[in-house]
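**Q** All the letters of the sequence shown, read from the start, carry residue numbers 111 to 354 under my numbering. Where is the CB? At the ideal position from N, CA and C, for every residue including glycine.
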Amino acid sequence: QYDRLASEVGLTAGDVMPVPLAKFIVTTGVALYLKMLIVDNLMHADLHPGNIMISAALFDQEDAISSVLHPTNQAIRMAKAEVTTGFYGHITLVDAGMVAQLEDDESINFIGLLSSMGAGDGRSAADSVLKFSEERDYLTKEQQEAFIQDMISYFDESCRGYCTDVDVGEVLRGVLGLIKTHHIRVDANYATLVVNALCIEGLAKRVCPSYNVLDAAKPLLSSYRTLSFYKSKSPTVSLHETRL
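Below you can see the structure in the form of structure tokens.
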């Protein structure tokens with residue numbers, strides 16, 4: 111709806127969406143994604159905006175906001191009006207038949223990649239990606255090391271960790287490029303997890319461009335990394351003792 115309204119005046123959804131609503135979508139959406147991944151060990155296999163429903167109830171200025179949620183001729187003007195009194199709502203994911211239970215190894219390896227991005231650690235990120243397939247003996251040690259070194263170089267240049275304005279989508283696309291270059295095999299669930307992360311990051315950019323998904327995820331990812339990684343930064347075998 112906001113995309114349509116914005117396009118009529120040459121703006122983006124974030125330009126016409128009330129600030130409290132935009133903040134609610136990105137903060138709750140990221141928290142929901144991380145909870146599914148870290149706490150519930152679940153994956154929604156089709157996590158696009160059409161499967162994300164938002165129910166809203168706003169405090170005060172009800173007439174103004176209702177014209178935004180139910181567009182009228184004044185919808186654009188009302189949508190751009192600053193709302194300062196707060197927002198309350200719920201996010202619901204639909205198409206539950208697309209939800210799958212992740213294996214512990216799948217959670218460990220993918221969260222390992224995300225937490226390595228937060229730490230700016232290309233080597234541990236590469237180690238996680240190399241486990242994205244159940245087949246582990248298709249690459250020689252030399253081929254694995256070449257991939258690791260390219261990941262280290264890429265992270266040194268484009269992913270230096272929290273609070274360095276890391277573009278999650280750009281980094282993930284760069285990692286996918288290295289995966290393609292080095293012929294790294296990726297099982298289906300991992301591919302879906304990457305797409306989900308790109309969807310969440312893309313949604314955040316559209317509704318609240320100043321919001322950094324990686325920085326917002328720091329408390330959970332840092333805690334996870336501390337609890338579930340050894341000093342060598344190798345993931346633990348089981349998550350049972352580290353679930354939040």
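Is it the case that the CB of D275 approaches a heavy atom of the ligand COA more closely than 7 Å?
**A** Here there are no bound small molecules, and the ligand COA is not part of this structure.
**Q** Is it the case that the stretch 299-312 contacts the stretch 256-270, given that we only count it when at least three CB pairs across the two stretches are under 8 Å?
**A** no
**Q** Using the beta-carbon count (16 or more within 10 Å), is E216 buried or exposed?
**A** buried
**Q** When the Cα atoms are used, what is the spatial distance from Q211 to M146?
**A** 10 Å
**Q** Secondary structure at A375, three-state DSSP: helix, strand or coil?
**A** As shown, the chain starts at 111 and ends at 354. That puts residue 375 outside it, with no answer to give.
**Q** Between V204 and L152, which are expected to be in contact by the criterion C-beta below 8 Å, what is the C-beta distance as a whole number of angstroms?
**A** Going by Cβ atoms, the distance from V204 to L152 rounds to 15 Å, so no, they are not a contact pair.
**Q** Going by DSSP in three states, A155 sits in which element: helix, strand or coil?
**A** coil
**Q** If we ignore side chains and look at the alpha-carbon of each, how far apart do H325 and A155 end up?
**A** Looking at the sequence provided, one finds Asp at residue 325 rather than His. Each residue's Cα considered, the two are about 24 Å apart.
**Q** For M261, does the three-state DSSP call read helix, strand or coil?
**A** helix
**Q** For the alpha helix (DSSP H) holding A206, just list the boundary residues, first then last.
**A** Premise fails: A206 is in no alpha helix (DSSP H) and is neither H nor E.
**Q** Can we say the stretch 283-296 touches the stretch 314-334, given the rule of at least three CB pairs closer than 8 Å?
**A** With a cut-off of 8 Å, the stretch 314-334 and the stretch 283-296 do not count as touching, because too few Cβ pairs lie within range.
**Q** Tell me the DSSP secondary structure of I289 in three-state form.
**A** I289: helix per DSSP, three-state reduction.
**Q** Measure how close the beta-carbons of V296 and S243 come, nearest whole angstrom, since I'm counting them as under 8 Å.
**A** 6 Å
**Q** Measure from the alpha carbon of Y334 to the alpha carbon of each residue in F220, I135, F134, then state which is nearest.
**A** F220
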